[in-house]
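So the structure is just underneath, and the comments pick up after that.
Number of protein chains: 2
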Amino acid sequence: MVSNLNDFHLIQTCSRSKARAGELITPHGLVPTPVFIPVGSQATVKTLTPDDIKDIGFSIVLANTYHLYLRPGIALIEKMGGLHKFMAWDRAILTDSGGYQVFSLASLRKVSDDGVTFRSHIDGSQHLITPELIIQFQEALGADIIMALDECPAYDDGFEKVQRAVSRTYQWAERCQKAQKRSDQALYAIVQGGVFPQLRHQSAEHLASLGFPGYAIGGLSLGEPKKLTLAMTEVTAALLPEDKPRYLMGVGSPEDLLESIARGVDIFDSALPTRVARNGAFFTHLGRVNIRNASYSQIEQPVDPDCDCYTCRTFSAAYLHHLFSCDELLAYRLATIHNLNFINNLMNKARSTILNGTFNSFKDNFLVSYQPTNEQIRLNQKQKWLNSHHPSQ
Amino acid sequence: MVSNLNDFHLIQTCSRSKARAGELITPHGLVPTPVFIPVGSQATVKTLTPDDIKDIGFSIVLANTYHLYLRPGIALIEKMGGLHKFMAWDRAILTDSGGYQVFSLASLRKVSDDGVTFRSHIDGSQHLITPELIIQFQEALGADIIMALDECPAYDDGFEKVQRAVSRTYQWAERCQKAQKRSDQALYAIVQGGVFPQLRHQSAEHLASLGFPGYAIGGLSLGEPKKLTLAMTEVTAALLPEDKPRYLMGVGSPEDLLESIARGVDIFDSALPTRVARNGAFFTHLGRVNIRNASYSQIEQPVDPDCDCYTCRTFSAAYLHHLFSCDELLAYRLATIHNLNFINNLMNKARSTILNGTFNSFKDNFLVSYQPTNEQIRLNQKQKWLNSHHPSQ
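Same order as they appear, the protein sequences are chains A and B. Each residue of the first sequence is one higher than the one before, starting from 1 at the first, in the working numbering. Each residue of the second sequence is one higher than the one before, starting from 1001 at the first, in the working numbering.
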């Protein structure tokens, strides 16, 4: 069903890891891979204009069908000329199917083979989504890459529950494929299987047999230990077709991005870099630092003196500390620009080193100096965030 | 004490009103007048970068000594190389003395001839400011135009109380003048006198006798009826030296700007355009409209189809309505850009029509189509805002 308006070219595979450099061809331009996609759940990457996002260098953003379905409504965006026009973004867009959001944000959800009934996290109104509807919505939105509806179990669900989710995800993917009418959108299927290699194997194999133009690895980064995330990523990526793009959903910390690239992943999205930015956390080559810390109040240098982003080229750490201390709105934007620039540079560097054969040493050097956030703190933060049922990211 | 680094050239006076076109010369560039100065109380015009402000076309911004004194502290900004460098703004800056803020925001203030003792609205800590200290602070900040310390009575204070404030404001202005050490900053005095023409007269005459390079009209736009604001503006402006700039503090609605220009005012500042923007209010040639109104949810056109700002060139009213509905941070910035662009265009147009002799008809035509906010609603909103003791603007 996919025309050559959408395609993937694998350009180079690393000889010492599974890392791959390639490019996505979309109706709205080329997307070099590996790529990190900034999250704009509600048709806006929080705090940034399309110009800001282009200035950083991104060629694709993500929006969320679940959020847009609830507000402002799919029909409205269609009437406004589609999502590209609505959010004034003329490069590529990927829309998530909303499967993850229904399972993480909505309440009173009831899953049947037909689809999912749930109550809106905004006003409690009741809704039913089915694979067919999700495709209809995403065709109306008009993104370049669209996602099949999946059932996303919790990371601590048992084998049988995850097995049922794998079966249902397969059936739904098939129905999504059949429901697709537009030929200019690439429909990716989502592999589930929790932390069970056997189920990951089954899910990947069955979905691959349906011949999708791309495959996502879903159901990870949900609060499970990082080791498990990486192990499941490795298992799943290895099972997916070589010539199709692989998209790991919900991963966005610098260390996880490099480790997952090394395991053969091409595409990533996560709200992490933008979400933590709004709390004052800045990525640097030494690790994540928090600008609210009093130690920054008198620093005349930028947060990261080597950084080439607008924020670091323009402002001292002391000024950013001041903005965050006063809860000034500009603070959130400047931090968002910095973190997205950091991640985009990291992906560009990963790609160029894959192409010139030095990816492994680049990754090792980066990880030697980069201090990841403490695992327990990370899990606590994640849980706190999940508990807060944050409506949009 | 002022060198020719700071000067004011009166270029043209309107033959049918008191409107004037001129230019301020400052160490950080020319500022054409009449001019509206965007308010950046805490060394940031809320939501905007310096680049955004330049893109709109402003050549001067305002920051507030009171706010910066409390956070991050004057000494810190001095250590960081001064206010221009701290906020990365290389054009002109005006710092307010903090007189108004002490009288409107701080609690438990005690005024004596020496100065004002008050408690911080942030943490309750106690502080004393004197005319000498206020000059010292503003010299450390390094703005191009600085303000004398004044005593700002409430708009409903009686004659005797206002009379005492006028005397004290005069004595403080003289002490400020004597305390000034830097020769590259223009120190403006502030005329008080409440709604009493006799006291306005006395204040203006006494201050003018001291020979300041500029004069502000203070103690207005504090909740009094608009008619009184305009009447007092007219009385006071007429008393001030012809060859010096006149600065009406706290005025920023489109209709008030034009009416005050017609009465001989050159400089304005107000948080109104940026504050109401964050509530969803957009200026248009027909009046102020609120984008949160459901009627905008399906409008594919910009809020103001004739507007040349980034927001209107890029986004539909429906998209802005969506962002405000979702409380998306981008909303506040896009609205701020629009309102400041509207006000800046209005001032540019006022200036060009003063220069070509058509100001009066421009003003009359504008006011025929522009529907001002209902007076009672306006007063209620203002009172609500004053009561909320908004910490920064």
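C-beta: ideal position from N, C-alpha, C; glycine also.
*In chain B, which residues lie with their C-beta within 7 angstroms of the C-beta of Gln198 of chain A?*
Near Gln198 of chain A there are no residues of chain B at all, since even the closest Cβ is about 41 angstroms away, more than 7 angstroms.
*Note down, one range per segment and in chain order, each alpha helix (DSSP H) of at least 4 residues found wholly within the segment 1282-1364 of chain B.*
1310-1314, 1317-1325 and 1329-1356
*To the nearest whole angstrom, what separates the beta carbons of Arg1275 of chain B and Ser325 of chain A, a pair I think is in contact under 8 angstroms?*
That pair is no contact at about 21 angstroms.
*Three or more beta-carbon pairs under 8 angstroms between the segment 162-180 of chain A and the segment 189-200 of chain A, yes or no?*
yes
*Continuous alpha helix (DSSP H) stretch holding Gly142 of chain A: start and end*: Neither: Gly142 of chain A is in no alpha helix (DSSP H) and is coded neither H nor E.
_Burial state of Phe342 of chain A, where buried means 16 or more other Cβ atoms lie within 10 Å_ = buried
*Candidates B:Lys1384, B:Leu1346 and B:Ser1297: closest to Phe1366 of chain B by CA position*: B:Leu1346
*Which class does Arg246 of chain A belong to by DSSP, given the choice of helix, strand or coil?*
The three-state reading of DSSP puts Arg246 of chain A in strand, counting E and B together.
*Residue burial classification, Ser260 of chain A (beta-carbon count within 10 angstroms, cutoff 16)*: When all chains shown are included, Ser260 of chain A counts as buried.
*Proximity below 8 angstroms, CB of Val1235 of chain B to CB of Ser1203 of chain B*: With a cutoff of 8 angstroms on beta-carbon distance, Val1235 of chain B and Ser1203 of chain B are scored as not near each other.
*What is the rounded straight-line gap between the Cα of Lys1382 of chain B and the Cα of Glu132 of chain A?*
52 angstroms
*Is any beta-carbon of chain A found at less than 8 angstroms from that of Phe1315 of chain B?*
yes
*Under the assumption that Arg288 of chain A contacts Leu48 of chain A (Cβ atoms under 8 angstroms), give the Cβ distance between them as a whole number of angstroms.*
20 angstroms between Cβ atoms; not a contact.
*Alpha carbon to alpha carbon, what distance is there between Leu1076 of chain B and Gln298 of chain A?*
7 angstroms
*Same chain, Cβ closer than 7 angstroms to Ser369 of chain A, five either side skipped, listed in chain order*: Within the same chain, Cβ atoms closer than 7 angstroms to the Cβ of Ser369 of chain A are found at His285 and Leu286, the five residues on either side in sequence being excluded.
_I want to see whether chain A comes within less than 8 angstroms of His1127 of chain B, judged by CB atoms only; does it?_
Taking a beta-carbon distance threshold of 8 angstroms, His1127 of chain B does not count as an interface residue toward chain A.
*Are the segment 1232-1251 of chain B and the segment 1057-1073 of chain B in contact at 8 angstroms, needing three or more beta carbon pairs?*
no
*Residues of chain B with a CB under 7 angstroms from the CB of Phe323 of chain A: which are they?*
A small correction: the amino acid at residue 323 of chain A is Leu; Phe does not occupy that position in the sequence shown. The answer, in chain order, is Thr1044.
_Members of the segment 1279-1306 of chain B near chain A, C-beta cut-off 8 angstroms_ = Ser1297, Gln1298 and Glu1300
*is_contact[Arg71 of chain A, chain B] using C-beta, thresh 8 angstroms*: yes
*Starting from the C-beta of Arg378 of chain A, find all residues in its chain whose C-beta is less than 7 angstroms away, skip the five residues before and the five after it, and write them out in chain order.*
Excluding residues within five positions, none has a Cβ falling inside 7 angstroms.
*What does Ala88 of chain A touch in chain B if you count any residue whose Cβ is under 7 angstroms from its own?*
Under the 7 angstroms cutoff, chain B gives Thr1314 and Phe1315.
*In angstroms, rounded to a whole number, what distance separates the CA positions of Leu320 of chain A and His121 of chain A?*
33 angstroms
*For Thr1229 of chain B, which residues of its own chain have a beta-carbon under 8 angstroms away from its beta-carbon, when the five flanking residues on both sides are left out?*
Leu1220, Ser1221, Val1251 and Asp1256
*Taking the Cβ atom as the reference point for each residue, do Gly194 of chain A and Asp157 of chain A lie within a distance shorter than 8 angstroms?*
yes
*Under the three-state DSSP convention, the category His1127 of chain B falls into*: Three-state DSSP puts His1127 of chain B in a strand.
*By the criterion of Cβ-Cβ separation under 9 angstroms, what are the contact partners of Met147 of chain A in chain B?*
The premise fails here: Met147 of chain A is roughly 22 angstroms from chain B at the closest Cβ pair, so nothing lies under 9 angstroms.
*Whether Asn339 of chain A touches Ala277 of chain A by CB criterion (8 angstroms)*: yes
*Could you check the C-alpha separation between Asp327 of chain A and Val1061 of chain B for me, to the nearest Å?*
Between Asp327 of chain A and Val1061 of chain B, the alpha-carbon positions lie close to 20 angstroms from each other.
*chain B partners of Tyr332 of chain A, CB-CB under 7 angstroms?*
Leu1329
*asked:* According to DSSP, Leu1030 of chain B sits in a beta bridge with which residue or residues?
replied: According to DSSP, which records beta bridges pairwise, Leu1030 of chain B is partnered with B:Ile1025.
*Can you pull the chain B residues whose beta carbon is under 7 angstroms from the beta carbon of Leu320 of chain A, in chain order?*
Within 7 angstroms Cβ-Cβ: nothing; Leu320 of chain A doesn't reach chain B, min ~11 angstroms.
*Hey, would you say Pro1027 of chain B sits closer than 8 angstroms to Arg1351 of chain B, going by beta carbons?*
no
*Extent of the continuous beta strand (DSSP E) run through Ala92 of chain A*: Counting along the chain, the beta strand (DSSP E) containing Ala92 of chain A begins and ends at Ala92 to Asp96.
*Which residues in the same chain have their Cβ closer than 6 angstroms to the Cβ of Ile337 of chain A, if we skip the five residues on either side of it in sequence?*
Cys309, Tyr310 and Thr311
_Less than 8 angstroms between CB atoms is the rule here; does Cys152 of chain A satisfy it with respect to chain B?_
no
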